[in-house]
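Protein chains in written order, with my numbering: chain A, 1 to 679; chain B, 680 to 1333.
Following this line, the structure appears as structure tokens:
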């Protein structure tokens, strides 16, 4: 009886999602995460899976894992002490970044402190030109001097980031060799090896973030592998990646930069899977937890990608599923200022102490407390019995907001929710304008602990007509990891004009990328199944300062079809920016190749269609849209394919609550998803 | 009756969403690199009478929060659904402030009634005129600064006026870019209209109408609360631009900030006369003109960042700006480089507020960053390359809360640099150095931020390097509470060679192949006495290479590894701070000649002269005072100089 297991570890919970490969049935489980001893929750969860579902470790044939060890190391700056070697007279690459202040209206606004402070940045002699030719050889003696000073400064690892290494990594590699001669024990991270893009700050900060977290992630994965072996899991563990794919945990030890944002990426992949299955062409996933609220745009079952996604104080510039933060989640704190202005966030009660109603010492009113006062949550335990909701504490917290507002408790609670929703409305409006889409044409796909609670209200505010609540909204990231393909990215920066003269160079570069991608998936990844290669080029009109990624057809490369490549660029430019110029010269800045090895998709069993209305557990009293109302409370498990229901109503399941407001009606689809329609 | 505060907060979020959606739409669809790189554009929503109630926070220029569109809105008398109006004439209502800024406003209707306007501008790279990019300090009349459109309808009831467009495009140097950017502006105001209609459907027309006024009222109440927290008093402040024209005299900007309870007056009397150069700021006698208020908005937002960034913020302030001065010129004064004056004026306003609340605001920032442009031929391809390579920026001033940010910050925080690798790939130059300049930050208990330095070698003969906004080679930024001023800026051709040439405040230079340019911005100034800076902080700066060992000794009295010498060095410097403000010897020497009394006399004399005589008279009086062996600094030498001038030109007799 083979099973696949996906595990995603977040701040509060570790989510487990088990897929029965024979029947396609999904089972889910949450245990509290153990930030102090990362990995312990995996073992606890395995025990839970065995106990609860009778699935032994030996039956697990595919194991995927998403971890926050790397991202937390960067956010808390608890990784290793790095030194940085740079080209002489360019010491301030991290210090200056791209200059802009985080809040340019504020005279005291400061860029975050760099990950490697200036006193541990050392200059070496040697210079390459923009085309990669050597203008001045690398001076090994200067590297030795830099190394001595780095050692004196207590460096535990060294990032080497020299100008124009994206075109020619020779100087960086030579510097690494010099370091290794004297200190073979010291980890060295060459920027061209981490991700060889043009733009020195972006490449250097990506390498520094990687180096900072790498030893900690490697140690964690070592421990995880050992623990799984000991627990009897024979399957080789896979880790989820920021690009929405998976790779062998063994590879994660040296490529931790590719894993940093895997949690949010896996959630979007899970959402994309649900959207595809449900036949939804345009979806926005909405992942709301206790401390975060994130949105991804999913078109035709695929999430959009971006680079420059945020990790703590920094951005990393590797291909990442584009996920945009729109708030601070259910723990966002409400406050009233001197002008009786009600604000919600950005302060958050986080997971400790958490909302007042969790009874863990929090006293500030949060969104979750407001939902509790409104009677929308608290009809059972949350998070697999790990939290018992104390309504009295929520009421006391909300009363402190109600008094200065001159409102009743329920009115104040609803105000908190409305203000929070309007903040999310603002952020999603920005996202839609940035991407050139109209939110009203999208279906909202909420998940995470608080997504289905707030999502329908947000959809109403945005004028979205449909909300799709997946069957297992609490563990969608774990599901996403479970069903993700093996996926690798390679890149070469070419900085070439897209013309007949440069075409041979471009094609040769693609040939190298293809060979490297195949080597990765066959040798590093040891994947023997069928693979897909997806070439693309980052291009722009000459004179522009930003590139767009244009997917290419391998047939065009095979036939050296310059016109087709150019046409693809013009079309993509037109789609994104609303205009194109067929006459203007084009530059190809970087070429990329994605290689995918597909993992068999689960066939989620379809439910038999039932008719009629579901049976409610009971009627509960809620407050919504300015009035007290009676609403049926449904158990999610009682909602079967074909059932219809009308808002207002509340749907509870082990890991989350769905709140259907008045004016919305719902139906259960054949996969058990709730499809809510705004009348 | 105001709407309830909760609904207002929700409405505020929706209004913000509309303004931000407009900005992202414009940014996404704009054609010119200038818009993408410098974000020199705005979007917003105004009340029917033109007060801006919503502006974007994330994108766009920081200078135009609360811009009053009233004068141009009133210039058109018949608005219909589907209209879009435009102007880029600074003298038609003083909404546009130099010709490259093309402003649009679109009336938004609901059930036949005009309910608000969607507005915005883009700085076009070129609008024609005497010089490429349409901007030069040397220009003297607005007619030289490009084609100008008075307020007019570009789109009437949905129909674009092709003729108007053709005239515009015929007169500019990069018509494709301008037209592309104009389309982005049209998309932006249309997005604004759609979002406003969404808002009205969500809130109802009555709540919308009242709510947008309440947002402005809330901004005003917030501003009043900030002002109430500032002690009443008069807070005068003066600073100078090094030159009032290429190679010219200093240009004085003077403010007396009067705080009275919840209100303030900003009296700019005593600032220089209208100039025969393009540094004039056209403000049209508007007591709250946006160019006068940029520093105000920065100061209030820094004192309380929960304030709404809208037109209400400016209501408790009244500006006094005599006509025919650099801050209120009359037609047809050139205004193209008003940004340089405006940036320095921001510092003057920050300085006045700093005097009022010294424990809440920072010392003087570096000068506004010059934009470096290179115009050359790429010998590899034979192509002409014109590129903006980088803004040259300096740090923020030290503040009561810590050191100023290095490299950029304060009122320069909106600028972005260009990667060295991109510059070298695009422009045939070799960049030799880019980074922080040690010792350029003013010493202090909290050090001023360091300046950046850029050094590059050009390859082709006839390469022209332009550095707009060059300043602060003479007069430094100002340290406070005993802090020292930041270092002056520098501009060198072939530095450290026997061919070295100090280019000073030159803003255009033609180079030979192999020539090296070094440009260093001015530094931010320090806050608090340097000798009080903890020794560890000085040593940390030394270890980081932000200061040299020489400066550690000279400025801070710290000798690494020698506790006795350090104690002695710091003891020797532990004098009580001499005075509130320190901008170093250059300014002291200047102000020994050009005293308050002399400036008072000059201001009085020039105010009575016909405007077209003023800059000339200033130059002559300066020359005569300079030559006067018997200066007393009490105004008498100025009056004597003017008497001589009157004798020479009886036609200017008062």
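Think of the CB as a built atom: it goes at the ideal place given N, C-alpha and C, for glycine as much as any other residue.
These numbers were taken from a predicted model, which means no experiment stands behind them.
Query	Result
Within chain A, the residues that residue 1373 of chain B reaches when beta carbons sit closer than 8 Å	Here chain B has residues from 680 to 1333 only, and residue 1373 of chain B is not among them.
Cβ pair residue 58 of chain A, residue 232 of chain A closer than 8 Å	yes
Residue of B/789, B/1013, B/830 minimising C-alpha distance to residue 887 of chain B	B/789
Bounding residues of the alpha helix (DSSP H) (the contiguous stretch that carries residue 430 of chain A)	409-435
Residues of its chain near residue 79 of chain A, where Cβ-Cβ distance is below 6 Å and the 5 sequence neighbours each way are ignored	73, 212, 213, 216
Unbroken stretches of the alpha helix (DSSP H), 4 residues or longer, contained in the segment 191-260 of chain A	191-194, 200-231, 249-252
Under 8 Å (Cβ pairs) to chain B, residues found in the segment 324-347 of chain A	337, 338, 339, 340, 341, 342, 343
Pick from A/275, A/377, A/148, A/547 that is closest to residue 622 of chain A, judged by C-alpha positions	A/377
With 16 other Cβ atoms within 10 Å as the buried cut-off, status of residue 1330 of chain B	exposed
Close beta carbons around residue 576 of chain A, own chain, < 7 Å, minus the five adjacent residues each side	436, 548
Cutoff 8 Å: residue 914 of chain B Cβ touching any chain D Cβ	Absent from the structure is chain D; the protein chains it does hold are A and B.
Boundaries of the alpha helix (DSSP H) in which residue 680 of chain A is found, first to last residue	This structure cannot speak to residue 680 of chain A, because chain A is shown only from 1 to 679.
C-beta neighbour in chain B for residue 565 of chain A, strict 8 Å	no
Residues that residue 1093 of chain B contacts on chain A, provided the C-beta gap is smaller than 7 Å	100, 104
Residue 1112 of chain B: contacting residues in chain A (beta-carbon distance under 8 Å)	89, 90
Separation of residue 567 of chain A from residue 127 of chain A, as counted between CA atoms	37 Å
Near-chain A residues of the segment 692-708 of chain B (beta-carbon distance less than 7 Å), N- to C-terminal order	692, 693, 695, 696, 699, 700, 703, 704, 707, 708
Residue from B/1052, B/1160, B/1234, B/1306 whose Cα sits closest to the Cα of residue 713 of chain B	B/1052
Within chain A, the residues that residue 1131 of chain B reaches when beta carbons sit closer than 9 Å	92, 96, 99
Bounding residues of the beta strand (DSSP E) (the contiguous stretch that carries residue 532 of chain A)	531-541
Spatial distance of residue 968 of chain B from residue 875 of chain B (CA atoms)	26 Å
Spatially closest choice to residue 416 of chain A from A/625, A/592, A/484, by CA coordinates	A/625
Buried versus exposed, by CB contacts within 10 Å (16 or more), residue 444 of chain A	buried
Nearest residue (CA-CA) to residue 756 of chain B, options B/1074, B/1124, B/830	B/830
Neighbour flag for residue 164 of chain A against chain B, beta carbons, 8 Å	yes
Residues near residue 109 of chain A in its chain [Cβ-Cβ closer than 6 Å; skip 5 each side]	101, 102, 103
For residue 443 of chain A: DSSP bridge partner residues	A/283, A/466
Same chain only: Cβ atoms within 7 Å of residue 966 of chain B, ignoring 5 sequence neighbours per side	997, 998
Members of the segment 259-288 of chain A near chain B, C-beta cut-off 7 Å	none
Length at least 4, wholly inside the segment 145-194 of chain A: the alpha helix (DSSP H) runs in chain order	170-182, 191-194
Below-8 Å beta-carbon distance, residue 666 of chain A vs any chain B residue	no
7 Å Cβ cut-off: residues of chain B touching residue 423 of chain A	692
DSSP-derived helix/strand/coil call for residue 837 of chain B	coil
Residue 659 of chain A (DSSP reduced to helix, strand or coil)	strand
Validate contact between the segment 582-589 of chain A and the segment 488-503 of chain A using beta carbons, cut 8 Å, 3 pairs	yes
DSSP-derived helix/strand/coil call for residue 1054 of chain B	strand
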